[in-house]
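Numbering (our numbering), first residue to last: 1031 to 1601. A virtual CB, placed ideally from N, CA and C, is assigned to each residue, including glycine.
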């Protein structure tokens, strides 16, 4: 087992109860080792006469059976409850860890894959805690106990049976190595499929608009086929392993019975002793078979534990509260270079935004406009150069401080699954008053819309905002960002889905609600750039081409004029 995951399991499990469960299992299993002795004695004529003459022997025997199986049942319940609670704590820990993971690290994974690790992979962990691990211990107890009694009954026959174990290990180990690779591929395949299904059904309208059903069916069929092919390999090798182990076991049992039968025929072993020996040998079959099957489950668990620890060990955002006083809301970027992969998205970027200024950012697609916002929000920190906010170096500020200081509205109109109110009062907005909500909704022209809904703000929407138009989703996204007053606002093409009339209304509302605050707007309409105090012009290489007012740039900058000729003219 992965050492890190082992430590987490030990930390999360209710150790006193789990140990109690294991102890009760140990007692029940140990007592069950004496059952073959009792059953064997039923063939002893002297014991049968005693039992018939003294019914209390049968009552005690029946009570013994009940106690043994009651202990085993109750211990399984306790272990199962402990495992379930441990899984609950572990899931919360891993989810919390993912939430604290940096955006840069999370970008490497598909959402469906992360979801699969928290659900499918965790179910494997639960099975390991509650079934595989306890059964492995108990099966070893049964094997050791049965071997002890076999040695006690007949040394030569027992030694013959023990010769089976090295042969079994020779069979199991190489097959398990293959199974581990197949399990890793299978879990990865589940994550891929989960991610694709989630993504496609989130964008079901686009898929249907292009009549993409047949293409999706073909792509997903191939993915399902690959998953099935991989699973077939797991089933095939597991079946081959189990068949081989069971075949070897049965062959040895038959051989031992033949040898034991010869011992009885010679008179060196009684029929009662033979029955006891056979029962112990039979009692060995299930534990050894279970141990063989546990090897495959352990292999799967090893693969899963590595996947879980992989996401636990991703770099985290520090989020340490740093004692800094913000007396101003200026933004300074000095000689900033940044690349997602190899090529720079921003190159030698320098700009100063004074407190209370409204700066529009324009430039062609790929110029790094949104990237500037991502750096200011500390989504990425591997930039070169220097960024200052409120006269403090960005690297010295915690993510929490930055995000409490900045209101960010991304260009995609993301609404989470839940009610409209849940979306508005999300995260840092939880303490916003109803009066403030009403005020912002009125300013953005949303109050009439909300009042027209049967359940008002308690109306349920899906995570993709189904039931609302793109413009309505956009306005609710804007409202969410404006509920709290912030020193700085970052607006990424936030009126792109609005008609020109609504855009004017929303723009006036934003101007009113952010008056006197520092504002950066990625612009796409003439109205926005004309209203800005200054305009930052970027080229496709992420370099600053010019910085000035609308009239200044018209007079001196060709790239800006090219931008103006391509944008939608708002009436």
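Identify, in the order they occur along the chain, each residue of the same chain with its Cβ nearer than 7 Å to the Cβ of residue 1116, setting aside the five sequence neighbours on each side. On the chain shown, residue 1116 is found 86 positions in, with the first residue counted as 1. So the list reads 1039, 1042, 1043, 1159, once near-sequence residues are dropped.
Just checking my contact of residue 1155 with residue 1334 at CB under 8 Å: how many whole Å lie between their CB atoms? Working through the chain shown from its first residue, we reach residue 1155 at position 125. Working through the chain shown from its first residue, we reach residue 1334 at position 304. Your pair residue 1155 and residue 1334 checks out as a contact, with CB atoms roughly 7 Å apart and the cut at 8 Å.
Checking 9 Å against the spacing of the C-beta atoms, do residue 1552 and residue 1523 come in under that value? For the purposes of this step, residue 1552 is taken as the residue at position 522 of the chain shown. For the purposes of this step, residue 1523 is taken as the residue at position 493 of the chain shown. Yes, the Cβ-Cβ distance between residue 1552 and residue 1523 is below 9 Å.
Inter-residue CB distance, residue 1548 and residue 1359 (contact presumed, cutoff 8 Å): As a working mapping, residue 1548 is identified with position 518 in the chain shown. As a working mapping, residue 1359 is identified with position 329 in the chain shown. That pair is a contact at about 4 Å.
I need the straight-line Cα distance from residue 1424 to residue 1347, nearest angstrom please. On the chain shown, residue 1424 is found 394 positions in, with the first residue counted as 1. On the chain shown, residue 1347 is found 317 positions in, with the first residue counted as 1. When rounded, the distance between both Cα atoms is 13 Å.
Classify residue 1201 as helix, strand or coil using the three-state DSSP reduction. Stepping through the chain shown from its first residue, residue 1201 is reached at position 171. The answer is helix: DSSP assigns residue 1201 an H, G or I state.
Could you tell me the alpha carbon to alpha carbon distance between residue 1267 and residue 1509, rounded to whole angstroms? Residue 1267 sits at position 237 when you count from the first residue of the chain shown. Residue 1509 sits at position 479 when you count from the first residue of the chain shown. In a straight line, the C-alpha of residue 1267 is about 57 Å away from that of residue 1509.
Give the straight-line distance between the Cα atoms of residue 1598 and residue 1123, rounded to the nearest whole angstrom. The residue given as residue 1598 occupies position 568 in the chain shown. The residue given as residue 1123 occupies position 93 in the chain shown. Residue placement at residue 1598 is flagged as unreliable, the pLDDT there being 47, under the threshold of 50; the coordinate-derived value follows with that caveat. Those two C-alpha atoms are separated by around 48 Å.
Runs of 4 residues minimum, wholly inside the region 1427-1493: which ones carry the alpha helix (DSSP H) assignment? Fully enclosed alpha helix (DSSP H) runs of no fewer than 4 residues occupy 1429-1435, 1450-1454, 1464-1473, 1477-1482 of the region 1427-1493, in order along the chain.
List the DSSP bridge partners of residue 1361. Here the question's residue 1361 lines up with position 331 in the chain shown. Answer is 1383, 1419, bridged to residue 1361.
Whole-angstrom distance between residue 1292 and residue 1281, CA atom to CA atom: Translated into positions along the chain shown, residue 1281 becomes position 251. Translated into positions along the chain shown, residue 1292 becomes position 262. Taking the straight line from one Cα to the other gives about 17 Å.
Is the separation between the beta-carbon of residue 1439 and that of residue 1521 shorter than 9 Å? Within the chain shown, numbered from 1, the residue matching residue 1439 stands at position 409. Within the chain shown, numbered from 1, the residue matching residue 1521 stands at position 491. Yes.
Quick one: what's got a C-beta closer than 8 Å to residue 1142's C-beta in the same chain, skipping five residues either side? Taking the chain shown and counting its residues from 1, one reaches residue 1142 at position 112. Here the set comprises 1221, 1222, 1223, 1224, 1225, 1226, 1227, 1228, 1229.
So, using beta-carbon positions, are residue 981 and residue 1172 closer together than 9 Å? As shown, the chain starts at 1031 and ends at 1601. That puts residue 981 outside it, with no answer to give.
Just curious, the beta strand (DSSP E) that residue 1161 is in, first and last residue? To locate residue 1161, count along the chain shown from 1; it is residue 131. Element bounds for residue 1161: n/a, residue is neither H nor E.
Starting from the C-beta of residue 1319, find all residues in its chain whose C-beta is less than 8 Å away, skip the five residues before and the five after it, and write them out in chain order. Against the chain shown, residue 1319 aligns to sequence position 289. The residues are 1272, 1275, 1276, 1279.
Nearest candidate by alpha-carbon position, reference residue 1313, set 1175, 1500, 1577: As a position in the chain shown, residue 1313 is number 283, starting the count at 1. Nearest C-alpha to residue 1313: 1175.
Give me whichever residues DSSP pairs with residue 1346 in a beta bridge. Locating residue 1346 in the chain shown gives position 316, counting from the first residue. The partner list for residue 1346 (beta bridge, DSSP) reads 1131.
Nearest-angstrom Cβ-Cβ length linking residue 1324 and residue 1166, presumed shorter than 8 Å: Working through the chain shown from its first residue, we reach residue 1324 at position 294. Working through the chain shown from its first residue, we reach residue 1166 at position 136. That pair is a contact at about 5 Å.
Can you give me the Cβ contacts of residue 1110 inside the same chain, cut-off strictly under 7 Å, excluding the 5 residues immediately before and after it? Along the chain shown, one-based indexing puts residue 1110 at 80. The answer, listed in chain order, is 1160.
Among 1198, 1091, 1299, nearest to residue 1270 - alpha-carbon criterion: Counting from one through the chain shown, the residue named residue 1270 turns up at place 240. Closest in C-alpha terms to residue 1270, from the list 1198, 1091, 1299, comes 1198.
Under a three-way DSSP split, which group does residue 1577 fall into? By 1-based counting over the chain shown, the position of residue 1577 is 547. In the structure shown, residue 1577 sits in a strand (DSSP, three-state: E or B).
Apply the 10 Å Cβ neighbour rule to residue 1525 and answer buried if 16 or more other Cβ atoms are within range, or exposed otherwise. Here residue 1525 is taken as the residue at index 495 of the chain shown, counted from 1. Per the 10 Å Cβ criterion, buried.
Would you check if the region 1403-1419 and the region 1427-1438 touch, i.e. whether three or more CB-CB distances between them fall below 8 Å? Result yes; three or more Cβ-Cβ pairs closer than 8 Å.
Within 10 angstroms of the Cβ of residue 1106, are there 16 or more other Cβ atoms? Answer buried if so, exposed if not. For the purposes of this step, residue 1106 is identified with residue 76 of the chain shown, where counting begins at 1. The residue in question, residue 1106, is buried, as its Cβ has 16 or more Cβ neighbours within 10 Å.
Helix, strand or coil: how does DSSP classify residue 1561 here? As a position in the chain shown, residue 1561 is number 531, starting the count at 1. Secondary structure at residue 1561: helix, using DSSP grouped into helix, strand and coil.
Residues near residue 1374 by beta carbon distance below 8 Å, same chain, minus five either side: If you number the chain shown from 1, residue 1374 lands on position 344. For residue 1374, where only same-chain residues beyond five positions count, the Cβ hits under 8 Å are 1367, 1368, 1571, 1572.
Taking the alpha helix (DSSP H) that residue 1255 falls in, what are its first and last residues? In the chain shown, residue 1255 corresponds to position 225, counting from 1. First-last of the alpha helix (DSSP H) with residue 1255: 1243-1296.
From the DSSP secondary-structure annotation, give me the bridge partner or partners of residue 1147. Position 117 of the chain shown, counted from the first residue, corresponds to residue 1147. According to DSSP, residue 1147 bridges with nothing at all.
Counting pairs of beta carbons, one from the region 1300-1310 and one from the region 1128-1137, are three or more of them closer than 8 Å? These segments do not touch.
Do the CB positions of residue 1435 and residue 1420 come within less than 9 Å of each other? Within the chain shown, numbered from 1, the residue matching residue 1435 stands at position 405. Within the chain shown, numbered from 1, the residue matching residue 1420 stands at position 390. Yes, the Cβ-Cβ distance between residue 1435 and residue 1420 is below 9 Å.
Burial state of residue 1453 (16 or more Cβ within 10 Å): Locating residue 1453 in the chain shown gives position 423, where the first residue counts as 1. When all chains shown are included, residue 1453 counts as buried.
Length of the line joining the Cα atoms of residue 1339 and residue 1451: Position 309 of the chain shown holds residue 1339. Position 421 of the chain shown holds residue 1451. Whole-angstrom Cα-Cα distance: 36 Å.
Are the CB atoms of residue 1187 and residue 1286 nearer to each other than 9 Å? Taking the first residue of the chain shown as position 1, residue 1187 is located at position 157. Taking the first residue of the chain shown as position 1, residue 1286 is located at position 256. It is a contact, given that the beta carbons lie within the stated cut-off.
Let's test the definition: count the other Cβ atoms within 10 Å of the Cβ of residue 1372 and tell me whether it reaches 16, buried, or not, exposed. Residue mapping note: residue 1372 aligns to position 342 of the chain shown, counting from 1. Classification of residue 1372: exposed, given that the 10 Å Cβ count is below 16.
Taking all protein chains shown into account, decide if residue 1357 is buried (16 or more other Cβ within 10 angstroms of its Cβ) or exposed. Working through the chain shown from its first residue, we reach residue 1357 at position 327. So residue 1357 ends up on the exposed side.
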